[in-house]
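Notes to accompany the following structure.
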Amino acid sequence: MSLSADDRLEIHETIALHGHLSDAGAYERFDEVFTPDLVVDASDLGRAPLPAPDPSRPRLDMYVAASHRLGAAGPLAHHVTNTVVREDGDGARAWSKGFAVNQDGSVASFTYEDELVRTGPGWRIRHRTVSARRAAGIGVEPLVLPA
Numbered sequence: 166m167s168l169s170a171d172d173r174l175e176i177h178e179t180i181a182l183h184g185h186l187s188d189a190g191a192y193e194r195f196d197e198v199f200t201p202d203l204v205v206d207a208s209d210l211g212r213a214p215l216p217a218p219d220p221s222r223p224r225l226d227m228y229v230a231a232s233h234r235l236g237a238a239g240p241l242a243h244h245v246t247n248t249v250v251r252e253d254g255d256g257a258r259a260w261s262k263g264f265a266v267n268q269d270g271s272v273a274s275f276t277y278e279d280e281l282v283r284t285g286p287g288w289r290i291r292h293r294t295v296s297a298r299r300a301a302g303i304g305v306e307p308l309v310l311p312a
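Going by the working numbering, the sequence shown wraps up at 312, each residue one higher than the last.
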């Protein structure tokens, strides 16, 4: 599969939409960003993984519920930038830099590594790894990873 310019733009917008929805508390719209079987690994930030899959409840529902629990205690603003997109079989992978402005005015920097799939409504994130940026010069180099 070859990613078109339209695919790449939609992937960028899908990744960006997560921050807008989070900041608005519009967690019920996360299905516009993520697949129902979403896996999020934010263990590097000290966050517990979502529970094991439950056939009666999509993982996305658990992520929405966790977002509601964090709610107003979460960051004031999420920002994402420097997104790089590569083909990955029938899907795509993307690496993005991000930062969040916390309620006390501090700023946290992180990296998203996303695996995306094309669904009926459009591109969605199926797997997201969030890594904290704690030291300069250490991280993943998406341009040297296999295409």
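We put the beta carbon where it would ideally sit given N, CA and C, even for glycine.
A residue is called buried once 16 or more other Cβ atoms fall within 10 Å of its Cβ, and Thr179 is buried on that count.
Between the C-alpha atoms of Trp260 and His244 there is a straight-line separation of about 14 Å. Distance between Arg194 and Gly236, taken at the CA atoms: about 15 Å. Runs of the alpha helix (DSSP H) spanning 4 or more residues and lying entirely within the segment 167-193 occur at 170-189, in chain order.
A direct Cα-to-Cα measurement between Ala238 and Arg258 gives close to 30 Å. In the DSSP assignment, the residues bridged to Gly287 are Thr284. Sequence-distant Cβ neighbours of Glu280 in its own chain, meaning closer than 6 Å and more than five residues away, are Arg258, Arg291 and His292. Looking at the DSSP output, Phe275 sits in a beta bridge with Gly263 and Ala297.
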